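In the numbering used here, the protein residues as written are 81 to 602. Where a beta carbon is used, it is the ideal one built from N, C-alpha and C, also for glycine. In this text the structure is predicted, and so the values were computed from the model without any measurement. One structure is given below, encoded as structure tokens.
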Ligand code: MSP
């Protein structure tokens with residue numbers, strides 16, 4: 081049992097509604113936290129929304145509403161989307177929360193008092209999309225921001241600056257001595273290279289240019305830079321306070337993992353590390369940078385008109401539960417790599433893995449149990465943990481844990497599906513229907529036992545991805561609904577009569593099946 085596990089996600093900008101890129105990260109995070117909850121009682125997930133800054137101010141202005149009205153409107157959309165996708169966060173923070181604003185002011189003051197913040201007159205190029213100053217050498221040939229393809233704004237201001245350069249060596253050293261700090265490790269060199277050229281950064285904007293933000297205590301001409309405000313959410317949410325940090329904070333901090341997209345790794349591994357060092361707080365154990373999701377191989381963008389909301393997918397396929405979408409997204413890309421969403425691929429993958437591979441296996445086996453044994457598992461069917469499938473089940477469990485420890489979420493689901501594949505092969509090879517025909521009833525019962533016990537493993541292992549399907553599988557096995565890994569012990573499958581003909585139902589309907597179509601019509 082691990083002591084505690086504290087996971088945070090990036091907090092999303094609320095200048096628009098959530099799309100499946102945002103959903104990808106929250107699903108990955110939810111799958112991780114649900115897996116951790118199977119191992120410990122103290123797993124905690126924080127998510128939230130990033131509500132300040134010039135972008136929100138501008139969008140609200142264009143819409144003729146106040147920034148807070150825009151934030152409230154879009155925050156509800158995020159909340160609704162996460163509910164529909166069954167994202168089981170423990171807490172959702174908004175950077176407009178009073179408690180957060182109060183502590184961000186304290187944090188700024190403390191860093192200033194430490195001598196790490198100073199005032200400085202500055203001329204720079206600001207990209208509102210990134211909410212950051214850009215280095216002229218990072219611009220495209222036409223002088224545009226390479227991410228947003230927009231011309232950054234020339235800004236001349238007197239701002240507060242943070243002595244980031246002071247922490248350069250210390251951060252590099254931390255990265256080099258903590259191989260688990262940046263995951264996947266292919267990102268390490270990129271960060272070390274960026275660190276080489278790091279300079280002090282501006283951490284405030286004048287009130288004249290950015291009104292929508294947290295003010296600097298004692299200087300009413302300045303607004304705190306949105307990234308300091310945003311990054312601090314990881315500690316303010318759980319009760320950090322300079323004078324009197326809460327018990328919850330002491331219990332949860334440092335975070336075990338910050339789950340973020342690859343585009344914001346610099347802010348987390350460099351800026352956030354330096355802030356924490358200045359505050360004298362330990363750094364998170366791991367920053368896990370996932371890749372990006374494209375749509376039909378194109379980057380999602382408003383101008384291309386290909387921004388998809390997660391709800392649209394569930395609606396298009398008439399899915400009452402989010403399991404299939406969760407499963408597809410969580411398996412869409414190997415750790416840290418980019419992935420793609422397409423309707424066709426979605427349909428194919430969930431049909432193959434959830435309906436054919438896992439669903440049919442359970443269905444066929446339960447039907448055989450009814451046909452040959454009136455739905456009863458007899459004591460003489462029970463196999464010991466040396467049987468081929470038992471060994472495979474145990475290995476699968478170990479590999480899944482190992483993958484999760486390395487934030488290999490798609491790799492873990494592939495392992496589970498490969499196990500289901502192997503069990504399907506075992507059924508074909510042992511042909512329990514032939515054994516029954518030959519009246520080798522004990523052997524036949526033993527095969528069915530192995531398969532159903534394997535199904536119990538699959539239900540528990542797949543639970544973080546597909547919580548409803550996992551529940552349905554356990555229900556059909558007449559098991560109690562408990563997904564803790566303590567139950568992953570071979571031979572625990574319930575014995576006696578566990579089912580009858582009309583209790584057996586498909587746990588996942590093929591998206592193009594007659595059943596599914598009928599259901600759609602209904
Ligand atoms: N507000 C900042 C994060 C502050 S964290 C202290 C931000 N917001 S965002 O809304 O632009 O992005 C939120 C998260 O969604 C980021 O981790 C980002 O990488 C992720 N994604 C946004 N679009 C994405 C895809 N198309 N695919 C996968 N993830 C994407 O950055």
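- The beta carbon of residue 170 is closer than 6 Å to those of 124 and 125 in its chain, skipping five residues each way along the sequence.
- Between residue 127 and the set 209, 337 and 186, the nearest pair of CA atoms involves 337.
- Secondary structure remark: continuous alpha helix (DSSP H) runs of at least 4 residues inside the segment 121–201, in chain order: 134–143, 147–164 and 178–193.
- Short note on residue 93: C-beta closer than 7 Å to some heavy atom of ligand 1.
- DSSP places residue 579 outside both helix and strand once states are collapsed to three, so it counts as coil.
- Counting other Cβ atoms within 10 Å of its Cβ, residue 547 reaches 16 or more and is therefore classed as buried.
- In the DSSP assignment, residue 566 is bridged to no other residue.
- Counting of Cβ neighbours within 10 angstroms places residue 223 among the exposed residues, the total staying below 16.
- Excluding residues up to 5 positions away in sequence, 497 lie with their Cβ nearer than 6 Å to the Cβ of residue 433 in the same chain.
- Taking a C-beta distance under 8 Å as the contact criterion, residue 339 and residue 87 qualify as a contact pair.
- Under the DSSP assignment, residue 302 falls outside any alpha helix (DSSP H), being part of the beta strand (DSSP E) whose first and last residues are 299–304.
- Non-local C-beta neighbours of residue 376 in its own chain, meaning closer than 8 Å and more than five positions away in sequence, comprise 386, 420, 421 and 422, ordered along the chain.
- Pairing residue 529 with residue 463, the inter-Cα distance amounts to about 7 Å.
- Per DSSP, the continuous beta strand (DSSP E) segment holding residue 421 begins and ends at 419–421.
- When rounded, the separation of the alpha-carbon atoms in residue 147 and residue 438 is 48 Å.
- Annotation: the segment 317–361 contains the following complete segments of the alpha helix (DSSP H) (minimum length 4 residues), in chain order: 327–332 and 353–359.
- Residue pairing of residue 207 in beta bridges, as defined by DSSP: 212.
- Sequence-distant partners of residue 287 (beyond 5 residues in either direction) whose C-beta falls short of 8 Å from its own C-beta, in its chain, are 295, 300, 301, 302 and 303.
- Restricting attention to 398, 331, 119 and 570, the CA atom closest to the CA of residue 427 is found in 398.
- Non-local beta-carbon contacts of residue 130 in its own chain, meaning distances under 6 Å to residues more than five positions away in sequence, involve 91, 93, 175 and 310 in chain order.
- A Cβ-Cβ separation of about 4 Å places residue 390 in contact with residue 103 under the 8 Å criterion.
- Classified as exposed, residue 228 has fewer than 16 neighbouring CB atoms from the shown chains inside 10 Å of its CB.
- In this structure residue 132 is buried. Its beta-carbon is surrounded by 16 or more other beta-carbon atoms within 10 angstroms.
- Residue 381 counts as exposed, since fewer than 16 other beta carbons sit within 10 angstroms of its beta carbon.
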